[in-house]
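J.: Let me begin by handing over the structure; questions about it come next.
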Amino acid sequence: MRNKNKTKLLLFSLCLLFGLNSCVSVAAYQKAYLNDEAMALRAKKLESYESNFQSYREGAAGANGGKSGGGCGCN
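Position one of the sequence shown corresponds to residue 48 (this note's numbering), numbered consecutively onward.
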């Protein structure tokens with residue numbers, strides 16, 4: 048019984064140690080990197096690729112700023 052309590056206490060303290068270690072304050076000069084384009088959830092390259100793929104797949108989807116043809120292939 049005593050060994051189980053020691054194991055639980057050790058596990059709890061390790062979780063607490065790792066949990067509190069993740070709470071770090073960020074310096075002012077490091078905050079510029081948080082607003083970097085590579086850190087964005089949706090990068091512009093990915094949006095461009097998805098838009099290109101959607102216009103190719105849908106065919107008749109317009110208003111993408113590209114060619115204004117229909118799905119028949121006549122531009």
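Ideal Cβ placement from N, Cα and C applies to all residues, glycine included.
According to DSSP, is Ser-95 helix, strand or coil?
T.: The sequence position of residue 95 within the sequence shown is 48, counting from 1. Ser-95 falls in the helix class under three-state DSSP.
J.: How big is the Cα-Cα spacing for Ala-79 and Thr-54?
T.: Along the sequence shown, read from residue 1 onward, the residue named residue 79 stands at position 32. Along the sequence shown, read from residue 1 onward, the residue named residue 54 stands at position 7. Their backbone Cα atoms lie some 42 Å apart in a straight line.
J.: Would DSSP call Cys-62 helix, strand or coil?
T.: One-based indexing of the sequence shown puts residue 62 at position 15. Correct three-state label for Cys-62: helix.
J.: Taking only beta-carbon positions, decide if Leu-61 is within less than 8 Å of chain D.
T.: In the structure shown, chain D does not exist; there is a single protein chain.
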